Each structure stands twice: as C-alpha cells, then as structure tokens.
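Chains as they are written, first to last, in this note's numbering: chain A, 2 to 135; chain B, 2 to 135.
Notes follow the structure.
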C-alpha cells in the first residue's frame, strides 16, 4: 500500500540557521522558506536526490508544532510521510486494522496541495505518520 | 555534500509486531530480521521504492538503543542517514564548521558493511544524523 517516502519533517527552533546549515555545511539543495498559514508552519524544503527533508518552524500562535518545540527545544524529527495512491482506501484499510486516524478522519489538503491524513503515533511505533495521496 | 537519504531508523519495542504491521497493514516489502551483534541491534529492513526504513530492536545488554526505548517506550524515530561520497572529507568539513562527531571520530563499519559516522543531535536540530559512505 505505501509507496515512496515523500519526506521527513524536522521541527527546528531557528529556521534560518537550519537552512544555512543544510545549504552550507551539508551542501544540500535548499529552497526558499514558504509560509503555510493554513498549516501553522513555515517550511523550507531540502531536495535530496531521492526524497525531501522539510524543515518546519511554527507560524502563528496556534501552530501544531509549537508544543513539539516546547518539549524538544533543540528540535527533532516531527513526522515521516509515505505516499499512497488512494488515500480513502488507505484510511479505510488502516481503520479496519485498528489504527487511529487523527482529526476528523477526512483528508485535508496538505502543504503540497494534495490530500493528506495523519495517523496516531501510538499505533505506529511512536512515529507520527503522514499519508499523502500522489 | 550529502546525497541520498539512505534510511530512516525507527526504534521499536516489538520487532515482530512492527514488521507485521509494515508488511500487512501498510503493505510494504519487509525483509527478514538480521542480528547485528557488532551494533547491538536486530534490524528489519523495509524497502520502499526510493529509500529504506530500518526497524531497530535492542540486541544484547549493551545495545545503544536500549536507553532510547526506556525514554520512549512506544518507540520512535532514532536517526536519519545521509549518503556521502567521501566520509573522511565529510567529517573534516563538518568538524571545521564546528559540528561534533560522536565516538572516536573515526568511521566504523555500519550495518550495511560501509563506513559510517554519527553526528551530535544538538548540532543538527535535535536529530541524530548518520553519514554513510557509498
């Protein structure tokens, strides 16, 4: 069911410093920051040859990653995103197997403009898992 | 400098259950468990079309992931691994930029039989970063 690893998302306390480190010290291809007000984050994409890293920083007072950074002031890996072909079929299969879908259970449009869902970390080895329909 | 994302490593409290979930519920290609006594882990590789997930479980009393699971009993993302062409050149560039290399600073042979180094999480947004020469 799951396909490619679409991205690994890393919450960072200082977006400019993290972007500069990936561009400079690590020599990666780093895109310009994008504000995603619907998701409460500013995102910097790092393009690796086979996948992406998303650096996430809180945007606005209700950012969903604010509490994560409060608990992890140095930052940390926030979630991983797997691609699926049919997000509703994926959701129904997961729910039938007892996995919990976060929120309403209906896909939202994610930062890439495609339908996404998040799965409960306690059902997936402590990892917050995003599914993105591609 | 960094190339492909070689893998994302997830520490899991129950390796058989996690492997069964990736094989069954998530429908991924899951390999048989491999004991890596030199690294204190048993590993299950999940082969995605563009990268790998490594499920890690402690092997032996001195496993380096035992304390991680003590702190995170449900499991969690343990590290991410970037490929580099020349690990000694990468190390020297990182050290020159003030990043700390864990252990002796000399590459060890990793779970894939290739030279690896680990970088200090505090220098990389709270993420434990492995570099692997490919």
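Beta carbons: idealized from backbone N, C-alpha and C, even for Gly.
Here the structure is a predicted model, which means the values were calculated and not measured.
Should the segment 94–110 of chain A be called in touch with the segment 71–84 of chain A, which here means at least 3 C-beta pairs below 8 angstroms? No: the two stretches stay apart, fewer than three of their Cβ pairs being nearer than 8 angstroms.
Please return the same chain residues whose Cβ sits closer than 6 angstroms to the Cβ of residue 84(B), not counting the five positions on each side in sequence. Cβ within range, chain order: 4, 5, 7, 133 and 135.
So with CB distances below 8 angstroms, who are the chain A contacts of residue 100(B)? Chain A residues near residue 100(B): 26.
Quick check on residue 89(B): buried or exposed, where buried means 16 or more other Cβ atoms within 10 Å of its Cβ? When all chains shown are included, residue 89(B) counts as exposed.
What would DSSP say about residue 29(A), mapped onto helix, strand or coil? Secondary structure of residue 29(A) (DSSP, three-state): coil.
Can you list, in chain order, the residues of its chain with a C-beta nearer than 6 angstroms to that of residue 29(A)? Leave out the 5 residues immediately preceding and following it. Contacts found: 23 and 47.
So for residue 57(A), helix, strand or coil by DSSP? Strand.
According to DSSP, is residue 112(A) helix, strand or coil? Correct three-state label for residue 112(A): coil.
Quick check: what's the CA-CA separation for residue 19(B) versus residue 94(B)? Residue 19(B) and residue 94(B) have their C-alpha atoms spaced approximately 37 angstroms apart.
Can you tell me whether DSSP reads residue 81(B) as helix, strand or coil? Correct three-state label for residue 81(B): strand.
For chain B, check one thing: does any of its Cβ atoms lie closer than 8 angstroms to the Cβ of residue 52(A)? So, interface residue.
CB contact check: residue 19(B) to chain A, cutoff 8 angstroms: Answer yes: the Cβ-Cβ gap between residue 19(B) and chain A drops below 8 angstroms somewhere.
Listing by chain order, which chain B residues have their CB less than 7 angstroms from the CB of residue 88(A)? The contacting residues do not exist; residue 88(A) stays about 14 angstroms from chain B at best.
Could you list the residues in the segment 116–127 of chain B with a C-beta less than 9 angstroms from some C-beta on chain A, going in chain order? Residues 122, 123, 124, 125, 126 and 127.
Helix, strand or coil at residue 71(A) according to DSSP, with G and I counted as helix: DSSP places residue 71(A) in helix when its eight states are reduced to three.
Could you tell me the distance, in whole angstroms, from the CA atom of residue 72(B) to the CA atom of residue 92(B)? C-alpha separation (whole angstroms): 29 angstroms.
Identify the residues that DSSP records as bridge partners of residue 63(B): which are they? Residue pairing from DSSP leaves residue 63(B) without any beta-bridge partner.
Helix, strand or coil for residue 6(B), going by three-state DSSP, please let me know. In the structure shown, residue 6(B) sits in a strand (DSSP, three-state: E or B).
State yes or no: is the C-beta of residue 42(B) within less than 8 angstroms of the C-beta of residue 59(B)? Taking the C-beta atoms as reference points, residue 59(B) is found nearer than 8 angstroms to residue 42(B).
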